[in-house]
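Novice:
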Amino acid sequence: MSLSRKTARNVLMALGIMATAMISGCTMAPVYGDIAAPTRYAIAYAKPSSRLEQIVYQELALSLGESTAIDAPVLLVRVRVSTRKLTESSVGNSFQSYEATAVASYSLSRGDTVIASGTRDATASYESSPQVLAGRSAAGEAGERAAKAVADSIRLSLIAALAAR
11 MSLSRKTARN
21 VLMALGIMAT
31 AMISGCTMAP
41 VYGDIAAPTR
51 YAIAYAKPSS
61 RLEQIVYQEL
71 ALSLGESTAI
81 DAPVLLVRVR
91 VSTRKLTESS
101 VGNSFQSYEA
111 TAVASYSLSR
121 GDTVIASGTR
131 DATASYESSP
141 QVLAGRSAAG
151 EAGERAAKAV
161 ADSIRLSLIA
171 ALAAR
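Take a look at the structure:
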């Protein structure tokens, strides 16, 4: 009986060592979060025509890198934000819930060749109070959060498109 236990233990140890050896040969690069040596892409960015486009370009430049080379592909992003009321308080002029939706169309091209293009959207909710300044501030902040979420979605699409090339 003790011989079979010893044999089973040795087999399990051997399997564990083999699994560890096989896994150590794998390499993975995280898509989310910070990494020690991020992959940089040679991308030039068009000039933003709004604050939200500027936010998208900044987010993408920080995560993907930026190039000033003449032959670098140019990324053009157009962002628009819309809001809609989700709920209205039944207690007079109290807080109301809204949702800001950022829709971004993007195109990465080198000369006349389009490398990647598409449309992405993201939403962010916020509450507005009867105070006008606070309501405007909440709406603006929600639009910026939605723009950052759109930038992350575009980033993932660009990584996939550039990896396929």
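Heads up: the sequence shown begins at 11 in the numbering used here, then just goes up one per residue. We treat Cβ as the ideally placed atom computed from N, Cα and C, and that holds for glycine. Source: prediction; values computed, not measured.
1) Would alanine 52 count as contacting chain C if we go by Cβ distances under 9 Å?
2) My assumption, with CB atoms under 8 Å, is that valine 91 sits in contact with alanine 71. Please give the rounded CB distance.
3) Would you identify the three-state DSSP class for lysine 95, choosing helix, strand or coil?
4) With a CB to CB cut of under 8 Å and the five nearest residues on each side skipped, what residues in its chain are close to alanine 47?
5) How close, in whole Å, do the beta carbons of leucine 168 and leucine 62 come, if the pair is a contact with beta carbons under 8 Å?
6) How far does the beta strand (DSSP E) with glycine 128 in it extend, from its first residue to its last?
7) According to DSSP, is alanine 46 part of a helix, a strand, or is it coil?
8) Does DSSP classify glutamate 69 as helix, strand or coil?
9) State the DSSP-derived secondary structure class of glutamate 109, mapped to helix, strand or coil.
10) Phenylalanine 105 to arginine 120, Cα distance in whole Å?
11) Rank Val84, Ser127 and Ile65 by C-alpha distance to the C-alpha of alanine 161 and give the top, closest one.
12) Excluding sequence positions up to five away, which residues of its chain have a Cβ less than 7 Å from the Cβ of tyrosine 51?
Specialist: For this structure:
1) Absent from the structure is chain C; it holds one protein chain and no more.
2) Locating residue 91 in the sequence shown gives position 81, where the first residue counts as 1. Locating residue 71 in the sequence shown gives position 61, where the first residue counts as 1. Taking 8 Å as the upper bound for CB-CB distance, valine 91 and alanine 71 are not in contact here, some 21 Å apart.
3) For the purposes of this step, residue 95 is identified with residue 85 of the sequence shown, where counting begins at 1. Reduced to three states, the DSSP call for lysine 95 is strand.
4) For the purposes of this step, residue 47 is taken as residue 37 along the sequence shown, with counting starting at 1. In this prediction, alanine 47 scores a pLDDT of 43, lower than 50, which makes its location untrustworthy; the coordinate-derived value is nonetheless stated afterwards. Taking alanine 47 as the centre and dropping the five residues before and after it, the same chain places no C-beta closer than 8 Å to its C-beta.
5) Within the sequence shown, the letter at position 158 stands for residue 168. Within the sequence shown, the letter at position 52 stands for residue 62. Going by Cβ atoms, the distance from leucine 168 to leucine 62 rounds to 18 Å, so no, they are not a contact pair.
6) By 1-based counting over the sequence shown, the position of residue 128 is 118. Here the beta strand (DSSP E) through glycine 128 covers 123–138.
7) Along the sequence shown, one-based indexing puts residue 46 at 36. Confidence in alanine 46 is poor, its pLDDT being 45 and thus under 50, which makes the residue's placement too unreliable to answer from.
8) Here residue 69 refers to the residue found at position 59 when the sequence shown is read from its first residue. Helix at glutamate 69.
9) If you number the sequence shown from 1, residue 109 lands on position 99. In the three-state scheme derived from DSSP, where H, G and I count as helix and E and B as strand, glutamate 109 is classed as strand.
10) On the sequence shown, residue 105 is found 95 positions in, with the first residue counted as 1. On the sequence shown, residue 120 is found 110 positions in, with the first residue counted as 1. Across the structure, phenylalanine 105 and arginine 120 are spaced so that their CA atoms are roughly 48 Å apart.
11) In the sequence shown, residue 161 corresponds to position 151, counting from 1. Ranked by Cα distance from alanine 161, the options Val84, Ser127 and Ile65 are led by Ile65.
12) Position 41 of the sequence shown, counted from the first residue, corresponds to residue 51. The beta carbon of tyrosine 51 lies closer than 7 Å to those of Leu74, Gly75 and Leu172 in the same chain, with the five residues before and after it left out.
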